[in-house]
Amino acid sequence: MSDHLSAATLAVWGGETGAPIQNPTQVPVVYSAAFGYPDVDAWLDAATGRRPGHIYSRNTNPTVAVLEEKVRLLERAEAATSFASGMAAISNTLLTLLSPGDRVVSIQDTYGGTHKTLTEILPRLGMSVELCETADQGGIEAAIARGCRVVLLESPTNPTLKIVDIARLAAAAHRGGATVVTDNTFATPINQNPLGLGSDLVVHSATKFLGGHGDALGGVVCGSADLVERVFHFREITGACLDPMAAYLLIRGMKTLALRVRQQNESALKIARWLQGQAAVTGVFYPGLEAHPQHDIARAQMRGFGGVLSFQLRGGFESAKRVLPRLNLAHRAANLGAVETIAGTPATTSHVECTPEERRAMGIPEGLVRYSVGIEDSDDLIADLAQALSAA
Ligand SMILES: Cc1ncc(COP(=O)(O)O)c(C=O)c1O
101 MSDHLSAATL AVWGGETGAP IQNPTQVPVV YSAAFGYPDV DAWLDAATGR RPGHIYSRNT
161 NPTVAVLEEK VRLLERAEAA TSFASGMAAI SNTLLTLLSP GDRVVSIQDT YGGTHKTLTE
221 ILPRLGMSVE LCETADQGGI EAAIARGCRV VLLESPTNPT LKIVDIARLA AAAHRGGATV
281 VTDNTFATPI NQNPLGLGSD LVVHSATKFL GGHGDALGGV VCGSADLVER VFHFREITGA
341 CLDPMAAYLL IRGMKTLALR VRQQNESALK IARWLQGQAA VTGVFYPGLE AHPQHDIARA
401 QMRGFGGVLS FQLRGGFESA KRVLPRLNLA HRAANLGAVE TIAGTPATTS HVECTPEERR
461 AMGIPEGLVR YSVGIEDSDD LIADLAQALS AA
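Numbering (this note's numbering), first residue to last: 101 to 492.
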């Protein structure tokens, strides 16, 4: 570039000619709202999909595309698209698939934000929703058989760790022509692939185990090319796209997904078994325990049981208020799936949006502690829990 140009012009264009990136080994964060083309024909080819190329980052972005491809491959899907958060992924997917007058069948035990979407937002838009008892697979099947457009599942559920039989319910849904959407956030693609069990779409809060470091929000939807194209189209118009920096952090986190989740599976099972023997604890909720009511279904559809467990304290909510501050090796925070252990109560985490009455109606005990196991040494975590429980 000629240095005879004025300072104002050099400040804008200087150093930016040619390809700015030479073969980095790591995925670059591409912060560009739009992508430029030398002429209208090349631009038109990219815009109409005749040639690969990005146009505008609300639609597609090179960094974000790498994350989508990584999750697509792990979920063994034809296509994937991403969102600004897990809730954006869930709500946009539902709004893509549903129209006024449609009926949705789901379960009582979904994540609080999902529950609110189902009970507040969809009915306001003219859709009806039936929420079934999560453990009653026959009951859910019967509700599906009464006719619906969408079946929304989550397994394991947040925070009660119930399991639904994805293959059985997907078969029921397909008999009536309904589309099945499964939230796979708790299991991760390392432990479970809902598409292989018959689900049509799988959704993730990438904020949790996929990213794994508690530093970025994101959501991903995977499934057939046709369905994902419809969800993508809805998102490119309504705009809840993933930020490239968040995509970069999620990509970096995902490189260790398999290692982290294997460790978290192992530690969570060991801690759940240990908690079963503690006097202060009246119930342990973890699908890997033989005593879990849906353990057989979990064994059939999961390769590991995940890094989150919940336990109920004999002394209820007051007891949880005494125990939680004593934990030295846990964040008390509204998140899960990170390398650090995170503990909380449903009232302050997954179901903060719900009233105590709503939580009770959903079968969530107030004295429940949700414990997301990190990658710390499991004996250290058990020792920490032991000293904290002595205050129960
Ligand atoms: C199972 C499940 N689905 C969806 C979400 C929502 O994800 P996000 O917080 O990324 O919007 C959460 C959040 O905790 C969750 O636990």
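Ideal Cβ positions, reconstructed from N, Cα and C, are used throughout, including at glycine.
Q) What's the call for G277, buried or exposed, on a 16-neighbour Cβ count within 10 Å? A) Classification for G277: exposed.
Q.
Between the alpha carbons of S419 and P223, how many angstroms are there, rounded?
A. Distance between the alpha carbons of S419 and P223: 37 Å.
Q) Cβ atoms of A179 and E336: under 9 Å apart, would you say? A) Going by C-beta atoms, E336 is not nearer than 9 Å to A179.
Q. Cβ atoms of H451 and G314: under 9 Å apart, would you say?
A. The answer is no: Cβ separation not under 9 Å.
Q: Specify, as a first and last residue, the run of the beta strand (DSSP E) that A443 falls within.
A: Here the beta strand (DSSP E) through A443 covers 442-444.
Q. What residue does the alpha helix (DSSP H) around H395 start on, and which one ends it?
A. Looking at the DSSP string, the run of the alpha helix (DSSP H) that includes H395 is 395-401.
Q. Taking DSSP as the reference, what is the three-state secondary structure of E366?
A. DSSP places E366 in the helix class (H, G or I) of the three-state scheme.
Q.
Measuring only the C-alpha atoms, how far is Q233 from V127?
A. According to the sequence displayed, residue 233 carries Glu and not Gln. Taking the straight line from one Cα to the other gives about 44 Å.
Q) On the three-state DSSP scale, how would you describe E254? A) The answer is strand: DSSP assigns E254 an E or B state.
**Q.** Opening and closing residue of the beta strand (DSSP E) in which S182 lies
**A.** 179-183 is the extent of the beta strand (DSSP E) around S182.
**Q.** Through-space distance from L110 to V320, alpha-carbon basis
**A.** Note on geometry: alpha-carbon atoms of V320 and L110 lie some 40 Å from one another.
Q: Thinking V164 and P344 are a contact (beta carbons under 8 Å), I'd like their distance in whole angstroms, please.
A: Contact between V164 and P344 is confirmed by a C-beta separation of about 6 Å, below the 8 Å threshold.
Q) Just the Cα atoms here: how many angstroms apart are A245 and D209? A) If you take the alpha carbons of A245 and D209, they lie about 20 Å apart.
Q. If you count every other CB in all the chains shown that lies within 10 Å of the CB of L359, and 16 or more means buried, which is it?
A. Around the beta carbon of L359, fewer than 16 other beta carbons lie within 10 angstroms, which makes this residue exposed.
Q: Tell me whether the beta-carbon of T279 lies closer than 9 Å to the beta-carbon of H304.
A: In this structure, T279 keeps its C-beta atom at 9 Å or more from the C-beta atom of H304.
Q | Minimum C-alpha distance to L413 - residue among R151, Q376, L253 | A | Answer by Cα proximity: Q376.
Q. How is the beta strand (DSSP E) around D283 delimited, first residue to last?
A. Following the DSSP letters along the chain, one finds D283 inside the beta strand (DSSP E) bounded by residues 279-283.
Q | Coarse secondary structure for R432, derived from DSSP in three states | A | Note: R432 maps to strand in three-state DSSP.
Q: Leaving aside the five residues before and after D141 along the sequence, list all residues of the same chain whose C-beta is less than 6 Å from its C-beta, in chain order.
A: So the list is empty, once near-sequence residues are dropped.
**Q.** A420, DSSP secondary structure in three states
**A.** Helix at A420.
Q. Is it the case that the CB of E453 approaches a heavy atom of ligand 1 more closely than 8 Å?
A. No, the beta carbon of E453 sits no closer than 8 Å to any heavy atom of ligand 1.
Q: Find out if the Cβ-Cβ distance for the pair I290, G404 is shorter than 9 Å.
A: Cβ distance < 9 Å, so I290 and G404 count as in contact.
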